[in-house]
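Taking the numbering used here, I'd label the letters of the sequence shown as residues 49 to 523. All C-beta atoms, glycine included, are put in the ideal place defined by N, C-alpha and C.
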Amino acid sequence: MDFFEHRLVGDLTDRVSSIDRITKNLTTQFLVLFVDVAMSAVLLVAMFVFSFVLTLFVLFLATVHFLFDRVLRRPRAVRTQAMRREQGLLIGVGMQMLNHADNLRMTGSDDRFFSRWSGQQARELQARHSLSELNSLSSAFPEFIGGLRTAAVLAFGGFLVFDSQMTLGTLVGFWILSEMFLEPIGRFLLFSDRRQAIETDLQRLDDIQKTSEDRIFRRRNGDSASIPTFKGKLQLTGHIELRNVTFGYNRSRPPLIKDFNLTIKPGQRVAVVGPSGSGKSTLARLVAGISYPWSGDILYDGHPRNEIPIEVLRRSISMVDQQAILFSATVRDNITLWNSAVPDDIAIEAARDACIHDEILVRPQGYATIVAEGGVNFSGGQRQRLEIARALASNPTMLILDEATSALDAATEEAVDDGLRRRGVTCLIVAHRLSTVRDCDEIVVLNKGIVEQRGTHEELIDERDATYYKLVRSG
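Rendered as structure tokens:
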């Protein structure tokens with residue numbers, strides 16, 4: 049996940065689209081290049097037969113052309129790479145602007161963001177112009193060499209004709225052969241230019257290729273029809289244990305979570321509360337398996353993640369983030385994530401427990417209703433409940449809720465909570481609104497990544513000078 053967090057979506061899109069550019073350049077150029085090399089070799093032999101001296105002169109001019117191209121190769125590669133980089137950033141900034149157009153307009157930031165996009169556009173154009181200047185110079189030099197070659201061959205050949213060392217027909221034949229010989233040479237040098245663009249694209253793809261694969265991701269054998277299990281079970285029981293877990297996003301800075309310990313038994317509900325920036329959401333990501341701790345262990349049913357098949361882990365754990373993500377598809381597809389193996393009654397039951405079923409049926413097309421891009425045809429609370437329904441559709445044994453009901457009113461939130469309780473699923477709840485966690489089996493109070501308090505609501509509320517009491521009072 050770190051790979052995606054540190055790169056713009058548009059930049060990654062441009063890198064992936066470069067695969068098509070690479071494929072087209074390689075498939076169309078290599079065959080032509082092979083034919084050109086064979087033809088040049090045959091023509092070179094014929095030229096030596098016509099005139100040894102003139103052939104050496106033509107080879108000298110071809111060498112000058114080649115050396116000039118080599119001199120320009122390094123700066124051209126640098127400018128090509130700069131242009132590709134600015135191009136990727138421009139696409140990324142443009143996608144950000146389109147995805148957040150409503151927010152930018154509501155906050156009055158559209159002018160400032162447009163200025164940012166315009167600045168990136170200017171940098172991309174400058175990089176493109178800089179590369180074009182070099183390419184123009186590279187293109188003009190062959191024309192100059194071609195004119196010089198023609199004049200020199202005809203002048204020197206004319207001298208040989210007057211000196212009776214060569215006939216006029218031989219001179220014309222040699223000139224035609226030299227043009228035919230140097231034409232594929234020019235195409236080869238042009239391919240050298242394109243090769244630099246290919247190398248630049250390959251370097252940008254190399255960044256993706258060299259990124260290590262997720263440690264817990266294990267590819268299933270495509271020939272195997274068996275369903276992966278762990279200890280003979282399709283799902284884990286829901287026991288989670290964190291031992292001395294330390295984690296941060298930047299190893300050059302102090303960790304966000306330090307020496308954290310927690311045990312959650314199957315069916316238990318544990319809440320993590322604390323001031324903003326205390327590490328609550330980071331802890332949720334660690335338990336969900338999105339991030340990896342710097343040190344310490346996270347155990348599921350007493351086993352580390354790398355011992356558990358990824359399919360079993362994903363069947364067992366569901367997470368609802370504070371930012372609901374909906375796809376431009378039907379409501380049913382958003383709940384099941386296009387999994388046709390999920391029966392309708394399971395999807396409906398998940399929607400009922402998330403208290404969104406009745407509101408879906410009110411719509412003319414029900415579960416076949418198309419969700420607009422970003423879910424704009426649903427309210428914030430409806431989007432959150434649809435994502436909760438999505439999490440429940442897989443019947444997980446462990447559920448992680450990170451501010452998952454922040455957009456709901458108290459009555460709806462209580463109804464959703466009742467639906468989760470009926471399922472008996474292990475819950476790790478991250479919340480700012482403490483009314484939702486009062487009846488949890490344990491409440492952990494985080495402050496700057498360190499556990500300050502832990503216990504039930506009744507135990508913690510009696511500590512009048514501690515963080516939990518202050519959070520309740522401020523809420």
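Could you say which of the options lies nearest to residue i if we only look at CA atoms?
| i | options | result |
| --- | --- | --- |
| E134 | F108, R160, A110 and Q168 | Q168 |
| P323 | F161, M145, V499 and L138 | V499 |
| I233 | R121, W165 and L91 | L91 |
| S226 | G195, D211 and S212 | G195 |
| R36 | V320, R333 and S343 | With the chain covering 49 to 523 only, the question about residue 36 has no answer from this structure. |
| A402 | F108, S442, D465 and N387 | D465 |
| G206 | F192, S166, G142 and F222 | F222 |
| R431 | F295, V473, V390 and Q371 | Q371 |
| Q213 | R124, V478, N387 and F98 | F98 |
| Q144 | A125, D159, R124 and W165 | W165 |
| T445 | F108, L468 and E462 | L468 |
| S187 | D513, Q174 and R121 | R121 |
| E462 | V220, S442, R433 and I509 | R433 |
| V379 | Y516, T417 and G422 | T417 |
| Y415 | E421, G423, I224 and H405 | H405 |
| G423 | T285, V390, A441 and D381 | D381 |
| Q106 | I224, G472 and F295 | The sequence as given places Val at residue 106; Gln does not occur at that position. Considering only alpha carbons, the answer is I224. |
How many whole angstroms separate the CB atoms of residue i and residue j, which I take to be in contact at a CB cut-off of 8 Å?
| i | j | result |
| --- | --- | --- |
| H287 | Y348 | 7 Å |
| V529 | L374 | There is simply no residue 529 to check, as the chain begins at 49 and stops at 523 in what is shown. |
| S88 | F229 | 6 Å |
| I312 | T453 | Contact doesn't hold; Cβ gap of about 19 Å is too wide. |
| L331 | V320 | 6 Å |
| D44 | R197 | Since the first and last residues shown for the chain are 49 and 523, residue 44 lies out of range. |
| K328 | L476 | K328 to L476, Cβ: 10 Å. No contact. |
For the alpha helix (DSSP H) containing residue i, name the first residue and the last one.
| i | result |
| --- | --- |
| G43 | Absent from the structure is residue 43, since the part of the chain shown begins at 49 and ends at 523. |
| Q174 | D158 to F210 |
| D487 | Run containing D487: none; DSSP gives neither H nor E here. |
| E500 | Counting along the chain, E500 falls outside any alpha helix (DSSP H), though it belongs to the beta strand (DSSP E) covering I498 to G503. |
| D457 | Note, D457: premise wrong, no alpha helix (DSSP H); not H, not E. |
| S522 | T515 to S522 |
| I358 | I358 to S364 |
| R481 | Where R481 is concerned, there is no enclosing alpha helix (DSSP H), given that its DSSP letter is neither H nor E. |
| I383 | V379 to T384 |
Can you tell me where the beta strand (DSSP E) holding residue i begins and where it ends?
| i | result |
| --- | --- |
| T474 | T474 to V478 |
| D450 | M446 to D450 |
| I404 | Where I404 is concerned, there is no enclosing beta strand (DSSP E), given that its DSSP letter is neither H nor E. |
Give a yes or no on whether 8 Å exceeds the smallest Cβ distance from residue i to chain D.
| i | result |
| --- | --- |
| S522 | Going by chain labels, chain D is absent from the structure shown, which holds only one protein chain. |
Quick one: is the Cβ of residue i within less than 7 Å of any heavy atom of the ligand COA?
| i | result |
| --- | --- |
| F426 | This structure lacks the ligand COA, and indeed carries no ligand of any kind. |
(request) Run through the segment 292-345 for me and flag every whole alpha helix (DSSP H) of 4 or more residues, listed as ranges in chain order. (result) 328-336
(request) Decide if the segment 350-369 is in contact with the segment 388-397; the criterion is three or more beta carbon pairs, one per stretch, under 8 Å apart. (result) no
(message) Three Cβ pairs or more, each shorter than 8 Å: is that satisfied between the segment 360-367 and the segment 304-311?
(response) The segment 360-367, when compared against the segment 304-311, does not touch it at the 8 Å Cβ threshold.
(message) Taking contact to mean 3 or more Cβ pairs, one atom from each stretch, closer than 8 Å, check whether the segment 483-492 and the segment 284-302 are in contact.
(response) no
(request) Check whether the segment 129-144 touches the segment 85-104, counting contact only when three or more Cβ pairs, one atom from each stretch, lie closer than 8 Å. (result) no
(request) Let me know the alpha helix (DSSP H) ranges lying completely inside the segment 101-154, each 4 residues or longer, listed in chain order. (result) 149-154
(request) Taking 8 Å as the threshold, find out whether the segment 447-464 comes into contact with the segment 405-412 through three or more Cβ pairs. (result) no
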